[in-house]
Amino acid sequence: MEKVRILIVEDEGLIARDIENMVKNAGYAVCGVVQSGPEAIRQAELLEPDLILMDIILQGDMDGIEAANIIRDQCGLPVIYLTSHADETTLERAKLSEPLGYTLKPVEQKELMTVMELALYKYKMELKLREREEWLGTILQSIGEGVLATDRTGCVTFMNPVAEKLTGWRQQESIGKPLTSILHAVDEDNGKLVRISIPEILAGHFKSPLNGTVQIVNYQEKIPVELNATLIRDAKDGASGLVLVLYDLTERKRYEEKLRYNAVHDHLTDLPNRTLFFDRLSMALAQAQRDSHLVAIIMLDLDEFKKVNDTQGHNAGDRLLQGVASRLTHMFRRSDTIARLGGDEFVLLLPDLPYSEVARNVAERIIHCFQKPFDIEGVQIATTASLGVAVFPGDGEDAETLIKNADIAMYRSKDEGRNRYNVYSREQRECLRH
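With the numbering used here, the residue at position 174 of the sequence shown is 575, and numbering never jumps.
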């Protein structure tokens with residue numbers, strides 16, 4: 402088993418030899434004996450001893466405390482002070498270098514060995530703790546969630562890269578600052594700022610608001626997060642701080658929004674589907690009843706669409722439906738709704754009309770827009786449409802009746818030779834019955 406290597410820093414030769422003999426007799430290896438601070442620094446870097454025995458009073462301008470400070474910063478090696486000076490000023494200076502022990506001169510072997518054994522054990526434990534902290538730190542730095550930690554006063558002590566991105570703060574800028582100045586969370590439902598009082602939370606005076614779904618406000622945007630807070634317990638099971646884990650919900654919210662969008666939109670044309678259309682129709686009718694306005698429904702069915710599928714293929718048919726949807730979408734007001742009900746059947750909702758003639762004008766514009774062929778992958782495909790118009794309240798006072806009557810008018814256009822529109826009339830219903 403390799404012996405523990407000791408570097409001795411002592412400027413008095415006889416004392417240095419005595420210490421060297423004590424160390425060797427105890428089974429340790431002496432890797433070097435030096436007399437000055439600068440030489441101690443050089444040998445510490447070169448030899449990398451396991452422990453340094455450092456006299457505080459050394460020859461030259463640099464004393465042992467100054468040398469130990471430099472060795473600590475550059476090498477991180479453990480130091481035990483040997484001193485004949487136990488005055489308060491010297492001890493206070495020595496503490497700043499965080500030594501692992503002291504022993505007074507003249508040095509007694511039993512006392513020195515005890516101090517050395519304790520120092521080596523303490524250093525070994527510190528190394529293990531440091532390695533564990535680095536291991537945990539590496540994990541926290543690399544995980545996909547944001548992690549922040551605070552002390553018992555609510556000041557930030559740690560922040561990983563994901564938390565930096567979410568909050569808009571860099572770790573080095575946030576350390577020591579109150580969490581409330583770093584983390585600005587608002588309630589997702591009402592938009593109000595979430596009040597955070599870390600001392601009160603740690604004291605258990607009220608339930609932590611830092612659990613649940615909130616929005617973090619950073620310098621650029623509001624980011625939806627699920628935020629969970631856990632108390633850091635000290636050795637006496639008291640609360641010494643808080644760990645906060647932030648789960649970025651942006652992608653999940655985006656996915657949920659996409660699901661909601663897809664549920665009410667046609668996957669081929671991206672137009673509103675039947676569900677969304679009837680929701681908007683119901684709202685338009687309710688508004689029209691309150692304000693005594695008109696609402697028009699225009700049913701549209703492509704003429705002889707089956708021939709396109711049969712002659713050009715279903716892919717061309719799908720491209721044609723997309724072309725029709727695009728052309729129609731650019732013709733109307735933002736308040737209007739053009740929806741695909743299925744197959745080659747479309748329906749247009751015109752809310753808040755001042756008079757019914759507007760619906761006729763729109764129908765004529767639609768018929769006109771089909772005069773230009775559609776370019777489908779380099780092939781010019783000409784098609785026309787048959788339209789039927791029904792107007793609330795004269796042609797129906799509920800959604801189902803309006804749709805049915807607009808459909809009757811549309812089939813009347815088909816019967817009359819296609820490529821035209823008809824406005825619903827009671828006579829059309831009577832003809833349909835016969």
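For every residue, glycine included, the Cβ atom is placed at its ideal position computed from N, Cα and C. Predicted, not measured: the structure shown is a model, and the values here were computed from it.
| query | result |
| --- | --- |
| Local Cβ density within 10 Å of Ile409, reported as buried at 16 or more and exposed below that | buried |
| Own chain residues within Cβ distance below 8 Å of Asp816, not counting five before or after | none |
| DSSP state of Gln772 mapped onto helix, strand, coil | coil |
| Buried/exposed call for Thr554, threshold 16 Cβ in 10 Å | exposed |
| Segment limits, beta strand (DSSP E) that includes Arg741 | Thr738 to Gly743 |
| Given 8 Å, three or more beta-carbon pairs between the segment 420-432 and the segment 463-473 | no |
| Assigned exposure category for Leu788 - 16 Cβ within 10 Å defines buried | buried |
| Terminal residues of the alpha helix (DSSP H) in which Lys623 lies | From DSSP, Lys623 is part of no alpha helix (DSSP H) but of the beta strand (DSSP E) over Lys623 to Arg634. |
| Ile602 versus Leu594, Ile633, Arg653 and Glu527, residue with shortest Cα-Cα distance | Ile633 |
| DSSP bridge partner residues for His666 (one or two, in chain order) | Pro673 |
| Host alpha helix (DSSP H) of Thr491 (start-end) | Glu489 to Lys496 |
| Gln475 classed as buried or exposed, judged by whether at least 16 other C-beta atoms fall within 10 angstroms | exposed |
| Supposed close pair Ala717, Val709 - CB separation, criterion 8 Å | 6 Å |
| Contact belief for Val618 with Val587 at Cβ below 8 Å, rounded distance in angstroms | 6 Å |
| Reduced DSSP secondary structure (H/G/I, E/B, other) of Val587 | strand |
| Gly547, enclosing beta strand (DSSP E) - first and last residue | Gly547 to Asp552 |
| Contained beta strand (DSSP E) runs [length at least 3] in the segment 423-480, N- to C-terminal order | 430-435 and 452-456 |
| Nonlocal neighbours in the same chain, by C-beta distance under 8 Å from Gly433, ignoring five residues either side | Leu408, Ile409, Gln444, Leu448 and Pro450 |
| Three-state secondary structure assigned by DSSP to Ala783 | coil |
| Counted within 10 angstroms of its Cβ, other Cβ atoms place Val824 as buried (16 or more) or exposed | buried |
| Identity of the residue in Val548, Cys770, His769 and Ala697 nearest Val644 by Cα | Val548 |
| Distance between Asn806 and Tyr822 (C-alpha atoms, nearest Å) | 13 Å |
| Selected residue, minimal CA-CA separation from Val508, among Val431, Glu411, Thr568 and Ile471 | Glu411 |
| Meets three-Cβ-pair contact criterion under 8 Å: the segment 752-762 and the segment 685-700 | yes |
| Contact under 7 Å by Cβ, Ile442 with Ile471 | yes |
| Cβ pair count under 8 Å reaching 3, the segment 640-659 against the segment 772-782 | no |
| Chain-order list of residues whose beta-carbon lies under 7 Å from that of Pro562 (same chain, five-residue window excluded) | Gln542 |
| The alpha helix (DSSP H) enclosing Asp816, as first and last residue numbers | Ala800 to Asp816 |
| Start and end residues, alpha helix (DSSP H) containing Phe733 | Careful: Phe733 lies outside any alpha helix (DSSP H) and carries neither H nor E. |
| Beta-carbon spacing of Asn674, Val646 below 7 Å | no |
| Buried versus exposed, by CB contacts within 10 Å (16 or more), Leu505 | exposed |
| Close-in-space but distant-in-sequence residues of the same chain around Ser641 (CB under 6 Å, 5 per side omitted) | Arg553, Ile633 and Asp635 |
| Simplified DSSP state of Ser641, which is helix, strand or coil | strand |
| Three or more C-beta pairs below 8 Å linking the segment 738-752 and the segment 679-687 | yes |
| Member of Asn762, Thr484, Glu527 and His769 whose CA lies at the smallest distance from the CA of Gly477 | Glu527 |
| Residues of its chain near Ala685, where Cβ-Cβ distance is below 7 Å and the 5 sequence neighbours each way are ignored | Val696, Leu750 and Pro752 |
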